[in-house]
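Visitor: First residue of the sequence shown: 3, per the numbering used here; consecutive thereafter.
For each residue, glycine too, the CB sits at the ideal point set by N, CA and C.
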Amino acid sequence: MNETPTICYSLADQSFAQTKSLGILNLSLGLLEALNARGVPLKVLGNETLRRALPNDVNTHEYNGAIGGKLGRVWWDQWKVYSAARRTKADWLFLPKGFTSFTREPPMRLAAYVHDTIQDFYRENHPNAVSDFEQWYFENGLKSTLSSADVIFTNSDFTADEVRRKAKTVSARTPKVIKAGIGFRKPGTNIEKEDRIVVLTGRFPHKLTAQAIEWMARWDQAGNWPVDWIGSLPEGVTLPDRRNWRMHSRLPESDYRQMVNGCRVLVFFSEYEGFGMPPVEAALAGVCPVFSAIPVTTEVMMGTGCPFRNDDFDSFAKAMEEAKLVSESAVDEWGERLLKKHDWGGVADRVIEGLGEIKTRSWDND
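#1: Since T102 contacts L112 with CB under 8 Å, what's their CB separation in whole angstroms?
#2: Using a Cβ-Cβ cutoff of less than 6 Å, which residues in the same chain neighbour G348 once the five nearest sequence positions on both sides are dropped?
#3: What would DSSP say about G48, mapped onto helix, strand or coil?
#4: Does DSSP put N263 in a helix, in a strand, or in coil?
#5: Pull up the CB-CB distance for D122 and A68, whole angstroms please, since I reckon it's below 8 Å.
#6: Looking only at C-alpha atoms, which of L31, A87, A39 and T300 sits nearest to A55?
#7: Counting beta carbon pairs with one atom in the segment 177-188 and one in the segment 139-159, are three or more of them shorter than 8 Å?
#8: Looking at the structure shown, is S178 part of a helix, part of a strand, or coil, going by DSSP?
#9: Can you find the residues in the same chain that come closer than 8 Å, C-beta to C-beta, to I354, ignoring five residues on each side of it along the sequence?
#10: Please report the distance separating the alpha-carbon of D93 from that of G305.
#11: Between which two residues does the alpha helix (DSSP H) containing L241 stretch?
#12: Looking only at its own chain, which residues have a Cβ that is under 6 Å from the Cβ of A319, when we skip the five neighbours before and after it?
#13: Going straight from the alpha carbon of Q20 to that of L13, what length do you get?
#14: Alpha carbon to alpha carbon, how far is L210 from G204? Give it in angstroms, no decimals.
#15: Where does A151 land, buried or exposed, given buried means 16+ other C-beta within 10 angstroms?
#16: Using only alpha-carbon positions, find the residue among R259, M261 and E273 that is nearest to A212.
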């Protein structure tokens with residue numbers, strides 16, 4: 003590649019207060035910072051809530067209507083983002099949330115970062131968990147991405163395979179799919195650890211929150227270690243009134259990091275992820291991760307941490323006991339391995355190389 007193309011990077015539809023996935027928000031910001039550090043010319047479509055999160059030296063245009071409720075989000079997705087991108091006269095439009103308009107043609111070369119194909123998973127396993135409109139909207143957004151993006155980046159080999167599988171069902175053309183990965187940074191300060199457990203929860207069915215509560219109650223009979231539950235609960239699910247169990251709703255990022263990085267064990271239940279960031283983040287902070295051994299976490303964690311099977315309570319209990327006894331040096335060694343593998347510099351380089359391979363709007367039909 004002789005010159006680095008200019009990227010119009012769209013963040014206007016993301017905010018801490020409204021996002022359903024802090025992981026996607028953090029990845030979007032992290033990738034932007036990594037590209038900026040590599041000297042990529044960037045024109046950012048942002049909003050007022052992100053001012054403090056963006057690098058000071060990036061060219062930013064604010065579009066607050068994109069976070070002005072569902073109608074504003076739909077209008078942004080389907081029409082305005084393409085108009086805003088065209089005005090920047092950039093070479094590429096990069097959509098880090100992965101969903102593209104299904105009402106307009108892209109105004110320039112189009113790249114999308116697809117995090118998962120969870121719409122398929124929900125249609126098959128939890129068909130009544132989300133509204134018909136939401137299921138329809140995001141399915142069509144993903145189909146449009148598969149049909150119109152010049153290149154698709156993913157977070158894992160698992161998701162790359164899922165995207166290729168999905169593409170065969172919706173498009174006669176095969177989009178170029180590149181695993182860019184996700185990068186991480188080690189926490190700047192080492193927080194002293196307490197004999198305490200953090201369990202992450204979520205209201206969506208794939209987070210297995212009800213199972214997490216049941217299994218933790220079976221395992222934690224004595225209640226010797228405090229357990230902090232962070233997140234939301236599904237409708238109809240309550241946290242038992244147990245000694246040393248405390249529930250926290252969504253926390254500001256700094257408070258969340260302080261609580262997680264100061265515990266000894268982080269527990270992460272899930273039946274589907276595109277990557278699964280919390281176990282990696284835990285190990286980097288010197289916290290032992292206990293996590294569901296689904297295909298993508300097995301790939302991402304590379305033999306580190308304490309995995310368990312979602313269909314086997316005994317494997318969970320064993321993982322918890324191992325996690326309480328694992329040495330700090332072992333967790334630190336895991337963190338070093340993971341940090342070397344999941345490096346923001348490498349992610350940015352793979353994105354830059356992938357964009358540089360496409361000079362005009364074209365397709366790889368191989």
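Guide: Inspection of the coordinates gives the following:
#1: 7 Å
#2: none
#3: strand
#4: helix
#5: Wrong, their Cβ atoms sit about 26 Å apart, outside the cutoff.
#6: L31
#7: yes
#8: Going by the sequence as given, residue 178 is Lys instead of Ser. Three-state DSSP puts K178 in a strand.
#9: M3, T6, L37, R40 and V42
#10: 40 Å
#11: From DSSP, L241 is part of no alpha helix (DSSP H); its letter is neither H nor E.
#12: W221
#13: 13 Å
#14: 8 Å
#15: buried
#16: E273
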